[in-house]
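Undergrad: Below is a structure I'd like to ask you about.
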Amino acid sequence: MLSMRRHANFIKRLKSVSCLFTASVLFPMQISAAVSDYDALVIKARGGNSAPLLHYLEDQGKKSALTPNQVADWLQVSGWVDNNDKTTIEIWLQYRGQMDVPARGKVAAARAYRNLKNWNDSLAVWNSVLQEEPDNVDVRTGWIMTLADARYNQQALTEANKWAQAHPGADSDALLAYVYHSQGKNWDALLVASQADDVEPGNKNAQSTLLSALSANRVSGPALNMAEVVPTADPVKRRLELDAAAEMVRSSYTSARNEEERFIVADKALARYDQLLTAWKDEPSAQNDVRRARIDRMGALLVRKRTSEVIKEYESLSASGEVPNYAKRWVASAWLSERQPEKTEAMLMSIYYPNGPIPVTPLGPEDQQDLFYAHIDNENFDAAKKQVENLIKESPYLRRIYGSPTPQPNDNWLLGQSLLTQYHIAANELPEAEKLSEHLARTGSGNQGLRISYASVLEARGLPHAAEKELKLAEVIEPSNLELERQQAYVALDLQEWKQADELTDDVIARSPDDEATLRLARIRDVHKMSEVRISGTQGISSDSPVSGKNDFNINTAIYSPPINDNWRLFTGFNFATGEFEEGKGISRDLAAGAEWTSRDYWAEMEVSGRNFGDGQKIGGRLSGWHDFNDNWRVGGSAERLSRNTPLRALRSGVYANGGDMFVRWYQNERREYQLSFAASHFSDGNDRIEYGLSGKERIWTTPRFTLDFTPGIGGSTNTKENVPYYNPKSDFSVVPGLSAEQVLYRHYDTVWTQQGLAGVGGYWQQGQDAGAIVQVGYGQRLKWNNVVDGGVMLIWDKRPYDGKRERNISLAFDLNVRF
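The opening position of the sequence shown corresponds to residue 1024 in this note's numbering, with each subsequent residue numbered one higher.
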């Protein structure tokens, strides 16, 4: 930023030159034809070559006593040399006790003390000169400016106002502007400087002061325009150019109707920086300005979502020096966008908490959000929770504003509550998130963002219908809100409203194509439109089961096409099963093809298959579907010719079955659900089988990385025929309560690696046999990657009675879903 002090010193130096040339014997009014040697040296000094005169006076002082005027000349000319203030003070200290130095010499000494920030010594000399020349404008001005520099604020302001009233004019107003600026009252300085320029538009002092005031107040554009009129050094012009470009960068961060408007400003800033860097890159004296331009340019790059370039530029700049904290915040945001939260968190903590738990500066709303999401994305839930708790603790609901008798709502309180909601979501505390977000949405009904947040929690809990209603209410406030449309698009995908999801997503992409939230939505939509491969199966390891046999293996595969006309997908699949029984080896092969249809609240699948089993081959078919009445209730079923649930041992003996099933599911939320199922099968050997079951889930324990569920299961069956070549109890019934646990081993955005464990102990009753115990234990792992891969494997140990004999079964179950 352009320094008002530098302008003032420059102006006073010019005035001191004028004083010397008019008041000193160095420049007499009458110049004779024969110019003395001393006068020649004086003329050279006046032309800028002061070294000869300074050397002469130094040598002369060693040979004989100097006159007071010569000492004054020496002091004055010494003061003209850059960075020569210490030498000037040495001359002053040498002669001040030997003679009465003329006022102009004392002025030079006072200015030297001032330049060295020896305020009290400078003021002592100024006071001495004022006693001699109380009406000297330069002396009075220098004294008042030094008072301002020394932070004698009240005295400086009083004297400046008194002088301005006694001697009205542009110079007096410029002096008053300097005093205001020294006290940090930049708007007052700008007001007075503007008045000075109005009083005398051509006054160089007034123009320079106005230029400084504009720059100090970041009014960079007008300041740069003035620099074309006011004589300004190249370094100052470069600084003003950088200020103007930085102003464009700041403007690009201002909220606008859409991203495009902000991008226009950022693009202008980038274009200007490119011009400046090209012009200055080969100029040695401009390298500090080149570095500042590169630093500030990162802010515009971040607005344009060119995050990789921000990171690359930062790495280059930090290798050659320190980067200021305001630019490090841009780099932290870039790292967060590039999904490197560990670097973001470390950098933000070094900025805000370099010395421990107490921040070096109060965090603003944006600072709080940046640091919070860095903690969350880096899985540092404890730090995120502590930060939110501290923010809420320090932010009462109402705050008092100076001058207002009525307490006002505290924005920081609302920010704390909103961040607490996001913490609950990230930490898997969805009941708490729903309770808090609903309270905020109901009590702040005019706040659209609160309703959108509440709807997002409902969606996360698997309640898209309820979320849709909340978003409809929020739509009344501002229908075109980007965040609203994004959330509506997600809900539409959950509800299988494909056309609506496409329209919303297309509109969001058109309006904010580079926004990170938009890119994520587009990615989810793109994944939905991909082809899909599904693979699942089991491999027996050690088994005595009469159902699956020994060395059993089965695999089911299906390949789905991308959506056709939104609602349709074609698929084909291959299924294979084998197992060894007492009567021989059983093999079954299926080749299937069909179509899937989905629409709001409906799903259906139609399939035709060719099955090869035993010593025959038959054509089968399947029709499956379900309907959602609301978020809580779903009813579904299927009907099959050559049912896939036909036991392999029956197929080995040439027996097949036709059948169907129905189910009713009640879903409260992600923590509680139950399903009642019923199935009937008619075997080709005349046997009719009825199966029924009740299964459910109750959440017991939840942490950010661990869940534990209670999984009760009740099931039974009846058969009408006995003495058949497959396991076929007259009737049986089982109750197996169990526990299912899942722990996150690694999570990085859309990559999640988990381990699962299950255990169950129950009872089994079979008609005509003694009751027995059922014991199940399983352990597995699952990997989800980039929304396109979801695969898992689980080792299962199971022991249960069959026809009164307890049999053991160890198997490996696997499944894989891939989108491509």
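Beta carbons: idealized from backbone N, C-alpha and C, even for Gly. It should be emphasised that the depicted structure is a prediction, and the values quoted were computed from it without experimental measurement.
Taking 8 Å as the cut-off, decide whether the C-beta atoms of N1413 and E1368 are in contact.
TA: The residue you call residue 1413 lines up with position 390 of the sequence shown. The residue you call residue 1368 lines up with position 345 of the sequence shown. Not in contact: N1413 and E1368 (Cβ atoms no closer than 8 Å).
Undergrad: Quick one: Cα of R1352 to Cα of L1371, how far?
TA: Here the question's residue 1352 lines up with position 329 in the sequence shown. Here the question's residue 1371 lines up with position 348 in the sequence shown. Rounded to the nearest angstrom, the two C-alpha atoms are 7 Å apart.
Undergrad: Tell me the DSSP secondary structure of F1050 in three-state form.
TA: Here residue 1050 refers to the residue found at position 27 of the sequence shown. Its pLDDT being 36, under 50, F1050 is placed unreliably by the model, and the measurement read from it follows with that caveat. F1050: coil per DSSP, three-state reduction.
Undergrad: Less than 8 Å between the C-beta atoms of S1666 and G1644, yes or no?
TA: Walking along the sequence shown from the start, residue 1666 turns up at place 643. Walking along the sequence shown from the start, residue 1644 turns up at place 621. Result no, Cβ atoms of S1666 and G1644 do not sit closer than 8 Å.
Undergrad: Kindly indicate the opening and closing residues of the alpha helix (DSSP H) around R1362.
TA: Translated into positions along the sequence shown, residue 1362 becomes position 339. From DSSP, R1362 is part of no alpha helix (DSSP H); its letter is neither H nor E.
Undergrad: Quick check: the Cα distance between K1227 and I1112, rounded to an integer number of angstroms?
TA: The residue given as residue 1227 occupies position 204 in the sequence shown. The residue given as residue 1112 occupies position 89 in the sequence shown. Each residue's alpha carbon lies about 30 Å from the other.
Undergrad: With DSSP as the reference, identify every bridge partner of G1639, one or two as the case may be.
TA: On the sequence shown, position 616 is the one that residue 1639 refers to. Answer is F1636.
Undergrad: Less than 7 Å between C-beta atoms, sequence neighbours within five positions excluded: which residues of the same chain meet that for S1476?
TA: Looking up residue 1476 in the sequence shown gives position 453. S1441, T1444 and S1460.
Undergrad: Which ranges does the alpha helix (DSSP H) cover as unbroken runs of at least 4 residues, wholly within the segment 1671 to 1711, from first to last along the chain?
TA: Listed in chain order, they are 1671 to 1675.
Undergrad: Return the first residue and the last residue of the alpha helix (DSSP H) that Q1523 is part of.
TA: In the sequence shown, counting from the first residue as 1, residue 1523 sits at position 500. It spans W1521 to R1534 - the alpha helix (DSSP H) in which Q1523 sits, taken as one unbroken run.
Undergrad: Have a look at G1426 and H1204 and give me their C-alpha separation to the nearest angstrom.
TA: Reading the sequence shown from its first residue, position 403 is the one you call residue 1426. Reading the sequence shown from its first residue, position 181 is the one you call residue 1204. C-alpha separation (whole angstroms): 26 Å.
Undergrad: So, using beta-carbon positions, are S1238 and D1266 closer together than 8 Å?
TA: Within the sequence shown, residue 1238 is the residue found at index 215, counting from 1. Within the sequence shown, residue 1266 is the residue found at index 243, counting from 1. Yes, Cβ-Cβ distance for S1238 and D1266 is below 8 Å.
Undergrad: Helix, strand or coil: how does DSSP classify P1347 here?
TA: For the purposes of this step, residue 1347 is taken as residue 324 along the sequence shown, with counting starting at 1. Looking at P1347 - three-state DSSP - the assignment turns out to be coil, as it is neither helix nor strand.
Undergrad: Quick one: give me the first and last residue of the alpha helix (DSSP H) that V1272 is part of.
TA: Within the sequence shown, the letter at position 249 stands for residue 1272. Unbroken alpha helix (DSSP H) run through V1272: D1257 to S1275.
Undergrad: With H, G and I counted as helix, E and B as strand and the rest as coil, what does DSSP make of G1485?
TA: Stepping through the sequence shown from its first residue, residue 1485 is reached at position 462. Three-state DSSP puts G1485 in coil, outside helix and strand.
Undergrad: When you compare each of A1179, T1301, G1560 and Y1583 to H1551 by their alpha carbons, which one comes out closest?
TA: Along the sequence shown, one-based indexing puts residue 1551 at 528. The shortest C-alpha separation from H1551 is found at Y1583.
Undergrad: Which residue spans inside the segment 1540 to 1573 form an unbroken beta strand (DSSP E) run of at least 3?
TA: Taking only runs of at least 3 residues, the beta strand (DSSP E) segments lying wholly in the segment 1540 to 1573 are 1555 to 1566.
Undergrad: Between W1656, Q1392, L1421 and K1086, which has its C-alpha nearest W1436's C-alpha?
TA: Sequence index remark: in the sequence shown, residue 1436 carries index 413 (1-based). Ranking the options by Cα distance to W1436, first place goes to L1421.
Undergrad: To the nearest angstrom, how far is it from the Cα of L1153 to the Cα of P1125?
TA: If you number the sequence shown from 1, residue 1153 lands on position 130. If you number the sequence shown from 1, residue 1125 lands on position 102. Rounded to the nearest angstrom, the two C-alpha atoms are 12 Å apart.
Undergrad: With A964 and S1275 assumed to form a contact (beta carbons below 8 Å), what rounded beta-carbon distance in angstroms separates them?
TA: Residue 964 falls outside the range modelled here, since the chain spans only 1024 to 1843, and no answer is possible.
Undergrad: Once you ignore the five residues that flank L1089 on each side, which residues in its own chain have a CB closer than 8 Å to its CB?
TA: By 1-based counting over the sequence shown, the position of residue 1089 is 66. Counting only Cβ-Cβ distances below 8 Å, and skipping sequence neighbours, we find L1080, Q1083, W1097 and Y1118.
Undergrad: Out of H1190, S1568, R1320 and G1344, state which residue places its alpha-carbon closest to the alpha-carbon of R1829.
TA: Translated into positions along the sequence shown, residue 1829 becomes position 806. Ranking H1190, S1568, R1320 and G1344 by Cα distance to R1829 puts S1568 first.
Undergrad: Rounded C-beta distance between G1736 and G1677? I'm assuming under 8 Å.
TA: Here residue 1736 refers to the residue found at position 713 when the sequence shown is read from its first residue. Here residue 1677 refers to the residue found at position 654 when the sequence shown is read from its first residue. That pair is no contact at about 32 Å.
Undergrad: Rounded C-beta distance between G1633 and L1614? I'm assuming under 8 Å.
TA: One-based indexing of the sequence shown puts residue 1633 at position 610. One-based indexing of the sequence shown puts residue 1614 at position 591. The pair is a contact, with the Cβ atoms about 5 Å apart (cut-off 8 Å).
Undergrad: In angstroms with no decimal places, state the Cα-to-Cα distance between P1585 and R1315.
TA: Numbered from its first residue, the sequence shown carries residue 1585 at position 562. Numbered from its first residue, the sequence shown carries residue 1315 at position 292. The straight-line gap from Cα to Cα measures roughly 51 Å.
Undergrad: Less than 8 Å between C-beta atoms, sequence neighbours within five positions excluded: which residues of the same chain meet that for D1826?
TA: Looking up residue 1826 in the sequence shown gives position 803. Answer for D1826: P1569, Y1750, P1752, Q1789 and Q1792, listed in chain order.
Undergrad: Along the chain, where does the beta strand (DSSP E) containing P1800 start, and where does it finish?
TA: One-based indexing of the sequence shown puts residue 1800 at position 777. First, the amino acid is wrong: residue 1800 is Val here, not Pro. Note, V1800: beta strand (DSSP E), G1795 to W1808.
Undergrad: From G1165 to T1110, what does the alpha carbon distance come to, in whole angstroms?
TA: By one-based count along the sequence shown, residue 1165 stands at place 142. By one-based count along the sequence shown, residue 1110 stands at place 87. Cα to Cα, the separation comes out at about 20 Å.
Undergrad: Can you give me the start and stop residues for the beta strand (DSSP E) that L1170 sits inside?
TA: If you number the sequence shown from 1, residue 1170 lands on position 147. No beta strand (DSSP E) contains L1170, which is instead part of the alpha helix (DSSP H) from V1160 to D1172.
Undergrad: Just to confirm, does H1204 get its C-beta within under 7 Å of one of the non-hydrogen atoms of the ligand MN?
TA: As for the ligand MN, it is missing from this structure, which has no ligand bound.
Undergrad: Per DSSP, what are the beta-bridge partners of A1764 in this structure?
TA: Position 741 of the sequence shown holds residue 1764. In DSSP, A1764 forms a bridge with L1731 and G1780.
Undergrad: Assuming D1538 is part of the alpha helix (DSSP H), what are its boundary residues?
TA: By one-based count along the sequence shown, residue 1538 stands at place 515. Neither: D1538 is in no alpha helix (DSSP H) and is coded neither H nor E.
Undergrad: Just how far apart, CA to CA, sit P1566 and G1472?
TA: Here residue 1566 is taken as the residue at index 543 of the sequence shown, counted from 1. Here residue 1472 is taken as the residue at index 449 of the sequence shown, counted from 1. The sequence shown places Ser at residue 1566, not Pro. Those two C-alpha atoms are separated by around 57 Å.
Undergrad: Of the choices W1689, P1502 and Q1431, whose alpha-carbon is the least far from that of R1423?
TA: In the sequence shown, the residue the question calls residue 1423 occupies position 400. When only C-alpha atoms are compared, the closest one is Q1431.
Undergrad: Do S1073 and V1104 have their CB atoms nearer than 8 Å?
TA: The residue you call residue 1073 lines up with position 50 of the sequence shown. The residue you call residue 1104 lines up with position 81 of the sequence shown. Yes.
Undergrad: In terms of residue numbering, what span does the alpha helix (DSSP H) encompassing I1381 cover?
TA: Residue 1381 sits at position 358 when you count from the first residue of the sequence shown. Segment: none, I1381 is in no alpha helix (DSSP H) and carries neither H nor E.
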